[in-house]
Amino acid sequence: MFKKVKSYPKGRKCRFPACGKILSIYNQGEYCHVHQGYIDNAAFKKTGKIKSGRK
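Under the numbering used here, the first residue of the sequence shown carries the number 56, and numbering increases by one thereafter.
And the structure:
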């Protein structure tokens with residue numbers, strides 16, 4: 056049998072201000088690919104640790 060792929064609700068938007076990119080149903084994060092990297096880099100600069108918005 057095939058393993059069911061986890062998916063998330065349709066129509067979710069990136070939480071980054073003024074982005075509005077619709078997230079993939081397979082993206083579990085709160086930010087699009089471009090802004091997830093931005094959030095990860097900003098967190099690293101503040102704390103020295105990588106804290107991803109991904110679960």
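Where is the CB? At the ideal position from N, CA and C, for every residue including glycine. Being a predicted model, the structure only gives us computed values, none of them experimental.
Let me see if you follow: with CB-CB separation under 8 Å, is residue i close to chain B or not?
{"i": "T102", "result": "Of the chains in the structure shown, none is chain B; there is only one protein chain."}
Quick one: residues in its chain with C-beta nearer than 6 Å to the C-beta of residue i, no 5 flanking neighbours on either side, listed in chain order?
{"i": "R67", "result": "L78"}
{"i": "K76", "result": "C69, C87"}
Can you give me the C-alpha to C-alpha distance between residue i and residue j, rounded to a whole angstrom?
{"i": "E85", "j": "Q91", "result": "8 Å"}
{"i": "K110", "j": "Y63", "result": "Any reading at K110 must be qualified, since the residue scores a pLDDT of 47, below 50, and its modelled position is unreliable; the value itself is stated next. Rounded to the nearest angstrom, the two C-alpha atoms are 13 Å apart."}
What residue from the options has the CA that sits closest to residue i's CA?
{"i": "C87", "options": "C74, K59, Y63, K65", "result": "C74"}
{"i": "V89", "options": "K100, Q83, F71", "result": "F71"}
Counting only the same chain and skipping the five closest in sequence on each side, list residues whose C-beta sits under 7 Å from that of residue i.
{"i": "I80", "result": "S62, Y63, K65"}
What does residue i pair with, by DSSP beta-bridge criteria?
{"i": "K68", "result": "I77"}
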